[in-house]
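Q: The structure is given below, and queries will be raised subsequently.
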Amino acid sequence: RRGGVFGGAGLEGFTGIGGGFGTVSTQSSIQTQQASNANFGVAGGAGAGEAGGYIGLVQRQQEIRNAQSNVAALGGSVTQLDAAYAAGRIDKFQVDLARQAFYNAQSRLMTDITNYQNLVDNFKVTFGMPPQLTMLIRDQLLEPFQLIDARLAPLQNRMTQMQAHLGDLIVPLREDARDPAAFGAAQFRKRVSQLRQALSEALEVHSAVIMHLPEVRQDIAEFRENVPQRRESLELLLRRARKGLSGDNPADAELDRIAETEFFSNPDAIRSDIQRLDGLPDKLDDDLRQIQAALDKIQPVLAALESELRWLEQNGSGDNADDTARRLNAVLSKIPDELLDLYGYLLELSLVQARARTEKIVLMPIDMDSNEAIRIARCNRLDWMNARATLVDRWRLIEFNANALESELNLSINGDVRNASDTPFAFNNSTGQLQMGVQFDAPLTRLAERNNYRQALIEYQQARRDYYNFTDRVAQSLRITLRQIELDQANFELRRAAVRVAIDQVDITQMRLREPPLPGATTQFSNTTARDLVSALSDLLNVQNDFLSVWVNYEVQRVILDFNLETMQLDQFGMWVDPGSSIGEQGKACFGQCYDDEDTLHAADARCNRLLKMLRPGEEISPGATEDLPAGTEELPAGQAQPPSPGGPKREMTND
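Numbering (the working numbering), first residue to last: 3 to 658.
Right under this line is the structure:
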C-alpha cells in the first residue's frame with residue numbers, strides 16, 4: 003500500500019488509493035498571493051506606506067526630492083525670519099524655532115539618503131551583483147509627483163544664500179552712508195562691487211524663473227487635458243458614495259453608519275469637486291499671468307539698481323558726499339524689498355506649478371465586481387485548474403478501488419494426453435486426463451479492498467474540503483485586492499485635497515512674511531508666525547509623500563490583480579504589458595468553456611452515491627446529491643459545461 007520505488011512495487015508516489023502521481027499543492031500559491039497583498043508596510047501617515055523592490059526605490063527617490071524641496075523652503079523661510087528679526091518685527095524665539103526645524107529637516111534628508119543607499123546595495127545583492135557596483139536608478143514613472151520642480155529648488159537656495167549675503171553687505175554700507183570720508187575708500191568700492199554682483203546674480207535667477215514659465219503653462223495644459231478623466235474618476239466615487247462602504251451587501255450596512263466620511267456619506271462633496279474642475283485650469287492660468295506681470299515689473303527695477311551700484315562703484319567719492327549718500331540710501335532701501343518680492347514670486351510660481359501637477363495626476367480607472375473577478379480567475383488560473391483536476395482525480399480513484407470489490411466467477415479447464423509407449427507421438431486417450439472447475443470470489447472475503455475503498459471515500463471528502471478552502475482563499479485574496487483598489491481610489495482624492503490645503507497653507511504663511519509694515523510703524527508679526535510656517539511646510543511634505551504612496555499602492559494592486567486573475571501578459575523582454583482600464587477583459591473569453599464548481603462537485607457526488615449503492619444500498623455521502631450522473635458527464639471535467647452560477651458551490655459535508 004505504500005508504493006514507491008523503495009517501498010514496494012509501482013511508480014514512486016502512486017499508491018492506487020489516493021494521491022495519483024503526486025498531489026498538486028494549492029496552499030503555496032495562496033500564501034504567495036497573501037504575501038503580495040501585504041506588499042506595503044505600516045503607513046507613516048494617511049497614505050499607504052512604502053512599496054518594496056524596484057518601484058520602492060523609485061518611490062524613495064521621489065521622497066528624497068520632496069525632502070530637498072522642503073529643506074530649501076525652510077532655508078528661505080529662516081532667512082526671511084532673520085530679516086524680520088533684524089527689523090524688529092519678530093522675536094528671536096520664533097527665529098530659533100524655524101532654524102531648529104531647518105536643522106532637523108537637513109538631518110532627516112541625510113538619513114533618508116543613507117537609507118536609500120543601503121536599499122540600493124541590497125537591491126544589487128538580490129540580483130547577484132556586487133554592492134560596490136556603480137548603479138544609477140533613473141525612471142520617469144514618478145516624475146509627475148515632483149510637484150515642485152527640481153530646477154526651482156536650486157534657485158530658491160541661491161535666493162536664500164543671496165539674501166543672507168546681502169545682509170552682511172547692506173549693514174556696513176548703511177554705516178558708510180553716514181560717514182562721507184568712507185566713500186573714497188577701497189573697502190567701500192569693494193562692498194559696492196559685491197552688492198552689484200549679488201544683484202547680477204539676482205537678475206540671472208530672474209531670467210531662469212522667466213524661462214520656467216512655459217513649463218508651468220504646459221503643466222496647466224496637461225491638467226486641462228486630463229479633466230475628463232478626472233471627472234470620470236470622481237463620478238465613479240459618486241456612484242460608490244450612493245451605495246456606501248458596504249456596497250450591495252445589506253449585512254454590512256452598519257459600516258455606513260460607523261465609518262461615515264465626507265466622500266462616502268456626502269455625495270455633494272464629490273459633486274462640488276467635479277464642478278470645481280471646470281474652472282480650475284482657467285484660475286491657474288490667471289495666477290500664472292499675474293506672476294509673469296509682477297516678474298516683468300521687477301526686472302527693470304533690478305537692472306536700474308545694478309546700474310546705480312555701478313555708478314556708485316565708479317563715481318562715488320567724498321567730493322559729492324551728499325549725492326552719493328542719497329543715492330546709496332535709496333539703493334539700499336529698495337534692494338531688500340525687491341529681492342524679497344522676487345523670492346516671493348518664485349515661491350508663488352512653484353506653488354502654482356504644484357497645484358497644476360497635483361490636479362493633473364490621474365488613476366487608471368478600475369471598476370470590477372468581486373464576483374466577476376472570481377469568475378475570471380476560475381476560468382484562467384492554472385493552479386485552480388490543477389486543484390480541480392486533483393479533486394477529480396480523487397473522485398476517479400473511488401471507482402478505481404470499487405472495481406476491486408466486484409465478485410469474480412472463473413471457469414477453469416485443465417487436461418493432457420500422454421503417449422502409451424516409448425514412441426514420442428504414440429498418443430492414447432486412455433492415458434489422458436481432463437479437469438474442469440468453477441471458482442467464485444465473493445465480496446465478503448475482501449477486507450483489504452473494502453478498507454481501500456473506504457479510504458478513497460474519506461480522501462475524496464478531504465480533497466473536497468481542501469478544494470473549498472483553496473477557492474475560498476482565492477476569492478478572499480481577490481476581494482482584498484479589489485477592496486484595497488477601491489480604498490486607494492477614494493483615498494487618492496482625499497490625499498489630493500490634502501495637498502491642495504497644504505499648498506494654500508504654505509501660500510498664506512509666506513504672504514504673512516511679505517506683508518509690509520504700516521507707514522510710520524513697525525508692525526509685529528504674530529506670536530505663531532514661525533510655528534505656522536514650519537507646520538505648513540512639514541504638512542506639505544507629509545501629504546506629498548502620502549499622495550505619492552497611495553498612487554504607488556494603487557499601481558501595485560493593479561499588477562497584483564492582473565497576476566491573481568492570471569490574465570497578465572508579458573512582452574518579449576519579460577516586462578508587464580499594462581492592460582489599462584480593460585484589466586481582466588481578455589480573461590472573459592473562456593467563460594463558455596470553464597467548469598462551474600457547483601456542477602463539478604454535484605456530478606462527482608452523484609457518481610459516489612451510485613458506487614456506494616453497489617456496496618451498501620441506501621447509503622449516501624452527500625444529502626444534496628441524489629441523482630445519477632447526467633448523460634455526457636461521465637468523464638469530468640472534460641466537455642462543455644453550463645456557465646458558472648453566481649451563488650458558488652453548495653457546501654454539503656458529511657461526518658466522513
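Beta carbons are placed, not taken as given, at the ideal position from N, Cα and C, and that holds for glycine.
Given this structure, state the Cα-to-Cα distance separating Asn159 from Asn471, to the nearest angstrom.
A: Roughly 60 Å between the two C-alpha positions.
Q: Would the beta-carbon of Asn382 fall within 9 Å of that of Leu567?
A: Their beta carbons are under 9 Å apart, which means Asn382 touches Leu567 by this criterion.
Q: Taking the alpha-carbon positions, what's the Pro283 to Ile139 distance?
A: Their backbone Cα atoms lie some 34 Å apart in a straight line.
Q: Leu297 by DSSP, collapsed to three states: which one?
A: Reduced to three states, the DSSP call for Leu297 is helix.
Q: Does Arg180 come within less than 9 Å of chain B when only Cβ atoms are used?
A: Looking at the structure shown, chain B is missing, and only one protein chain is on hand.
Q: What number of angstroms, rounded off, separates the C-alpha of Arg241 from the C-alpha of Ala538?
A: Spanning the two alpha carbons is a distance of roughly 34 Å.
Q: Pull the bridge partners of Asp418 from the DSSP assignment, please.
A: Beta-bridge pairing links Asp418 to Gln435.
Q: Please go through the same chain and pick out, in chain order, the residues whose beta-carbon is closer than 6 Å to the beta-carbon of Asp534, but skip the five residues on each side of it.
A: Closer than 6 Å at the Cβ level, and outside the excluded window around Asp534, lie Thr511.
Q: Using 8 Å as the Cβ pair cut-off and three pairs as the minimum, do the segment 110-118 and the segment 60-71 touch?
A: Counting Cβ pairs under 8 Å, three or more are found: they touch.
Q: Assign Glu488 to one of two classes, buried (16 or more other C-beta atoms within 10 Å of its C-beta) or exposed (fewer than that).
A: Buried, since its Cβ has 16 or more Cβ neighbours within 10 Å.
Q: Return the chain-ordered list of same chain residues with a C-beta closer than 8 Å to the C-beta of Cys422, the five sequence neighbours on each side being excluded.
A: In the sequence under discussion, the amino acid at residue 422 is Ala, which differs from the Cys named in the question. Excluding sequence neighbours, Ala422 sits near Ala428, Phe429, Asn430, Ser432, Thr433.
Q: Please specify which runs of the alpha helix (DSSP H), each continuous and at least 4 residues long, are wholly inside the segment 65-153, giving them in chain order.
A: For the segment 65-153, whole alpha helix (DSSP H) runs of length 4 or above, ordered along the chain, are 94-128.
Q: Between which two residues does the alpha helix (DSSP H) harbouring Asp580 extend?
A: That residue, Asp580, is in no alpha helix (DSSP H); it is neither H nor E in DSSP.
Q: Does DSSP put Glu629 in a helix, a strand or coil?
A: Confidence at Glu629 is low in this model, with a pLDDT of 36, below 50, so its placement is unreliable and the value that follows should be read with caution. Glu629: coil per DSSP, three-state reduction.
Q: Which residue's Cα is closest to the Cα of Thr113: Thr81, Ala69, Asp151?
A: Residue Ala69 is the option with its Cα nearest to Thr113.
Q: Within a Cβ cutoff of 7 Å, which residues of the same chain sit near Val127, ignoring the five residues on either side of it in sequence?
A: Answer for Val127: Pro133, listed in chain order.
Q: Measuring alpha carbon to alpha carbon, tell me which residue in Lys192, Tyr556, Ala188, Ser540 is nearest Asp170.
A: Looking at the Cα atoms, Lys192 is the closest of the given residues.
Q: Return the chain-ordered list of same chain residues with a C-beta closer than 6 Å to the C-beta of Lys362, the five sequence neighbours on each side being excluded.
A: Around Lys362: Glu224, Phe225, Asn228.
Q: Could you check if Met370 is buried or exposed, using at least 16 other CB atoms within 10 Å of its CB as the buried criterion?
A: So Met370 ends up on the buried side.
Q: Using DSSP with H/G/I as helix, E/B as strand and the rest coil, what is Gln700?
A: Residue 700 falls outside the range modelled here, since the chain spans only 3 to 658, and no answer is possible.
Q: Who are the near neighbours of Gln231 in its chain, counting only those whose CB is closer than 8 Å to its CB and skipping five residues on each side?
A: Here the set comprises Val364, Pro367.
Q: Buried or exposed for Val419, please, with buried defined as at least 16 other CB atoms from any protein chain shown within 10 angstroms of its CB.
A: Exposed is the call here.
Q: Going straight from the alpha carbon of Ala477 to that of Val80, what length do you get?
A: Near 55 Å, if we compare the C-alpha coordinates of Val80 and Ala477.
Q: Among Arg485, Leu351, Thr530, which has the Cα closest to the Cα of Leu157?
A: The candidate whose alpha carbon is nearest that of Leu157 is Leu351.
Q: Tell me whether the beta-carbon of Ile337 lies closer than 9 Å to the beta-carbon of Leu197.
A: In this structure, Leu197 lies closer than 9 Å to Ile337 by Cβ.
Q: Is the segment 547-559 touching the segment 481-501, taking contact as three or more C-beta pairs under 8 Å?
A: With a cut-off of 8 Å, the segment 481-501 and the segment 547-559 count as touching, because enough Cβ pairs lie within range.
Q: Rounding to the nearest angstrom, what Cα-Cα distance links Ala591 and Ile378 in this structure?
A: Their Cα atoms are separated by approximately 9 Å.
Q: Would you identify the three-state DSSP class for Phe429, choosing helix, strand or coil?
A: Looking at Phe429 - three-state DSSP - the assignment turns out to be strand.
Q: Comparing alpha-carbon positions, which option in Pro445, Tyr56, Leu515, Gln546 lies nearest Tyr87?
A: Selected option, being the one with the closest Cα: Leu515.
Q: So, using beta-carbon positions, are Arg466 and Val552 closer together than 9 Å?
A: No, they are not a contact pair.
Q: Nearest-angstrom Cα distance between Asn416 and Glu461?
A: When rounded, the distance between both Cα atoms is 44 Å.
Q: DSSP has Glu177 in a bridge; who is on the other side?
A: Answer is none; Glu177 lacks a bridge partner.
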